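The structure appears below as structure tokens.
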Amino acid sequence: MIRFLVFGDLHYDTISDGEQRIKELIDKAQKEKVDFIVSLGDLCFPIEENRHVLEKFKTAGIPIYHTIGNHDTQVCSIEEMLLFLSNDNSYYSFEYGEYKCIILDSCFWQNQSGQHHFPNKRREPAIYPVIPCDEVLWLKKELSDNKKYIIFSHQSLVNEFGNRGIRNRQEILDLYVGKNIILCMNGHDHGDDLKIINNIPFYTVNASSGYCWWGGNPSGSEVKDLPYKNALHVVIELDETEIRIKGIESEYQDETPDDVGVRNYRWNGVSIQPKTSSYRLTLHNKN
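Per my numbering, the very first residue in the sequence shown carries number 11; after that it's consecutive.
So this is what it looks like as structure tokens:
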């Protein structure tokens, strides 16, 4: 059996109680005796003042693997972010027993001049987010060794709401056909969702910070952060027969979606209930 904790979108630089949330995540990982932790991105800006954030996870004694989020390079280059994380590349894989875990970098934008890593500082008209050609070729090779695959990305491969999901998603999903893809997980949407497509579960992990509301007139002229009381996350257990996703229930700290007029608790194509949903899913192995 393999057990790991997944969280995303902590947004340490904008949440007021980031230290407490980091403690919650580490305490849970240690209590559950997880084999490793995966961050789905948007952890913190890569500045010297935030180096202690990485140190807290490092000194917990549990391996942590980082996904690049769009806000991770909001104030810097991808090269600076990789140096901060001590990562050689923004997409990579690692193995744990019979499983290969693949970390994708979906924070690229594309225009007539080519494919570029976020941010799009001049806000040029572009297709975003995309997984670039070189990474697609790399992924195809990674999926050629008949392992059991767990795949992580910041943006979703199945969210069709607006421009939230990966725009060249079908190109990626075509690579999954006939492969033993056990589970795909993403963050970014600050919400809770599960879709099962061709027997592959695609799970969106709700944010460890909260729901970010964009509204006003014109749309987007007002922005409010509505924090959850807890650092939302999930613990995943995998064995030969099933996937157990252990989520948590929380509450909003203060303001709720009702207070900003979002009464159906749906946003960006996902649920913004303050929780990560729990499931027991039967495995459909293809090997």
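Every residue, glycine too, gets a C-beta built ideally from N, C-alpha and C.
Computed from a predicted structure; not experimentally measured.
- Contact check for Asn190 against Asp202 fails: the beta carbons are separated by 7 Å or more.
- Straight-line measurement puts the Cα of Arg273 at about 32 Å from the Cα of Val140.
- The Cβ atoms of Gly271 and Gly51 do not sit closer than 7 Å to each other.
- Judged by pairs of C-beta atoms under 8 Å, the segment 76 to 84 touches the segment 108 to 115, as three or more such pairs exist.
- The alpha-carbon of Glu259 is positioned some 24 Å away from that of Ala70.
- Rounded to whole angstroms, the gap between the alpha carbons of Pro237 and Tyr289 is 24 Å.
- Remark: three or more beta-carbon pairs, one from each stretch, lie closer than 8 Å, so the segment 91 to 111 and the segment 55 to 62 are flagged as touching.
- Straight through space, the alpha carbons of Thr286 and Leu248 are spaced by roughly 18 Å.
- Where Met195 is concerned, the enclosing beta strand (DSSP E) starts and stops at 191 to 196.
- From the listed residues Gly188, Tyr138, Lys158, Ile282, the smallest Cα separation to Gly172 is found for Tyr138.
- With respect to Gly175, Ser166 sits close: the two C-beta atoms are nearer than 7 Å.
- Taken in chain order, the unbroken stretches of alpha helix (DSSP H) that lie wholly in the segment 33 to 70 and span 4 residues or more are 61 to 68.
- The C-alpha of Val63 lies about 8 Å from the C-alpha of Ile32.
- Short of 6 Å from the beta carbon of Val233, and not among the five residues preceding or following it, lie these beta carbons of its own chain, in chain order: Trp224.
- In this structure, Val244 sits near Val16, with a CB-CB distance shorter than 7 Å.
- Each residue's CA atom was taken as its position, placing Ile246 and Glu105 some 16 Å apart.
- Counting only runs of at least 4 residues, the segment 191 to 259 fully encloses no alpha helix (DSSP H) element at all.
- Spanning the alpha carbons of Pro284 and Leu95 requires a straight line of approximately 29 Å.
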